[in-house]
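Here the UniProt record's numbering is used: the first residue of the sequence shown is 1, the next is one more, and so on.
Here a beta-carbon is modelled for each residue, glycine too, at the ideal position from N, C-alpha and C.
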Amino acid sequence: MRLSEFIVLHVDRIVDEWEQFAKTITPAAESMDSVALRDHARSILLAAARDMCKPQTPSEQAAKARGEGPEKTPSLDEAGASHGELRHAVGFDLVQMTSEFRHLRACVIRLWVNSLQSPDLAYFQDMIRFNEAIDEALAESTATYAEGVNRSRDIFLAILGHDLRAPLQAVSMSTELLLRKAALEGDVLKCAINIQRSTGHLAVMVGDLLELVRSRLGKHLPIEPAPMDMADAAGEAIARACAGQPECDPTLDVQGDTRGTWDPRRLDQMLQNLIGNALQHGSSKREVKLCLKGETDSIRLTVHNDGAPIPTDAIPTIFDPLVRSASEALGEPTTSLGLGLFIVKEVVDAHQGTIEVSSSEMDGTTFTVVLPRKVIRL
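Right, here's the structure in full:
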């Protein structure tokens, strides 16, 4: 029996062995069910079998061996890419993911050879074609997996760099106030100057970090939910956002029960960025208004500021990464890299909530976030 026919006939048995091997890849496999463990194995095998049935000249075979084939196998590449993406998502490392293909290759060849009674030269050609197909699927899986790793790393670096700027600004402005208004002398003056200089150096480093990941971002923030009160978090976020800015005086209106189970650190990121966005783009730092309203199963947060409205054509992309405002696009001075609202959307999504924005000349700009009181573990 030719190898392609053998694969189609025994695909379920081969996938069973794939699943048994995948179970041994711990700790990632410990929380995976049979469907997740089997993943795209069947699709990869059947696509490989179809590819093996296509005619191939010696020159095409040589080109494929060098990764220079005239065309790839779409179904095989799609299955391989999806497998790499899902294995990255569940926590397999690259060595573990590629070991699945090694085992799959060995399993198919072993089962097939054991079934043969009188192999001939054509069977060796079948082995070559099968290896080519598996190598193509492995290449796609590896490329997609590596892309997922890079995107996860880049989103971490981008958010780290973005969030470092708020405390750095608070330290910098507080130091400047001390140097201007306090009569510092001797060692105390030297310490204040050193803090000011060091903060400047750190700001440059953070800027370099953000430039590094400017065009490379990722997805899916991890969260650690815990009981908390959003009203307390909002008050603390306002205080930090306004550190060193005497003209900053947002109002906070709290209605009903604002307690729930969320990730305190992530919610602080969300609040800081929404408040910072309102302060930056509002016409007055004293007219930024926050409202928290406790509803039956959720909490509703609104952040409002007056000022120039968001252009209608900009609203659909306002939460996309690296999207800047119209004023920034025109070259006006700014420190924004378009990450703040992207981070807000990531935090809201991670908590299974929703976020909307409305903006007009008459009513100003309002961001509305609705979060369930308790995150459902998926």
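According to DSSP, which residues form a beta bridge with residue i?
| i | result |
| --- | --- |
| residue 227 | 261 |
| residue 304 | 289 and 366 |
| residue 355 | 369 |
| residue 374 | 261 |
| residue 251 | 289 |
| residue 75 | Residue 75 is not bridged to any residue. |
Quick one: Cα of residue i to Cα of residue j, how far?
| i | j | result |
| --- | --- | --- |
| residue 48 | residue 123 | 15 Å |
| residue 240 | residue 264 | 15 Å |
| residue 256 | residue 140 | 52 Å |
| residue 57 | residue 98 | 29 Å |
| residue 283 | residue 313 | 21 Å |
| residue 342 | residue 320 | 6 Å |
| residue 206 | residue 169 | 12 Å |
| residue 357 | residue 372 | 18 Å |
| residue 366 | residue 248 | 18 Å |
| residue 277 | residue 291 | 16 Å |
| residue 126 | residue 150 | 36 Å |
| residue 82 | residue 6 | 25 Å |
| residue 258 | residue 242 | 23 Å |
| residue 45 | residue 138 | 12 Å |
| residue 348 | residue 142 | 30 Å |
| residue 18 | residue 302 | 50 Å |
| residue 74 | residue 89 | 22 Å |
| residue 233 | residue 158 | 23 Å |
| residue 184 | residue 229 | 40 Å |
| residue 308 | residue 362 | 10 Å |
| residue 1 | residue 37 | 29 Å |
| residue 222 | residue 376 | 13 Å |
| residue 84 | residue 131 | 18 Å |
| residue 80 | residue 94 | 14 Å |
| residue 360 | residue 287 | 16 Å |
| residue 340 | residue 176 | 25 Å |
| residue 11 | residue 260 | 49 Å |
| residue 262 | residue 279 | 25 Å |
| residue 296 | residue 369 | 15 Å |
| residue 236 | residue 252 | 11 Å |
| residue 34 | residue 42 | 13 Å |
| residue 311 | residue 77 | 41 Å |
| residue 299 | residue 346 | 17 Å |
| residue 364 | residue 355 | 17 Å |
| residue 178 | residue 188 | 11 Å |
| residue 197 | residue 294 | 44 Å |
Should residue i go down as buried or exposed, given a rule of 16 or more other Cβ atoms within 10 Å for buried?
| i | result |
| --- | --- |
| residue 172 | buried |
| residue 193 | exposed |
| residue 250 | buried |
| residue 20 | exposed |
| residue 199 | buried |
| residue 352 | exposed |
| residue 13 | exposed |
| residue 317 | exposed |
| residue 268 | buried |
| residue 272 | buried |
| residue 281 | buried |
| residue 181 | exposed |
| residue 201 | exposed |
| residue 15 | buried |
May I ask whether a heavy atom of the ligand GDP can be found less than 7 Å away from the beta carbon of residue i?
| i | result |
| --- | --- |
| residue 238 | As presented, the structure is devoid of all ligands, the ligand GDP included, so that no description of it is given. |
Are the C-beta of residue i and some C-beta of chain D separated by less than 8 Å?
| i | result |
| --- | --- |
| residue 52 | Here there is only one protein chain, and chain D is not present. |
### Task
For the region 142–158 and the region 16–31, state whether three or more C-beta atom pairs, one from each stretch, are separated by less than 8 Å.
As far as the Cβ criterion goes, the region 142–158 does not touch the region 16–31, which means the pair count is below three.
### Query
Where in the region 92–145 do unbroken runs of the alpha helix (DSSP H), each at least 4 residues long, occur, reported from the N-terminal end onward?
Complete alpha helix (DSSP H) runs here, min 4: 94–115.
### Touching by the beta-carbon criterion (3+ pairs, under 8 Å), the region 50–59 and the region 100–118
At 8 Å Cβ cutoff, the stretches do not touch.
### Task
Could you tell me whether the region 152–170 touches the region 90–106, using the rule of 3 or more Cβ pairs below 8 Å?
At 8 Å Cβ cutoff, the stretches do not touch.
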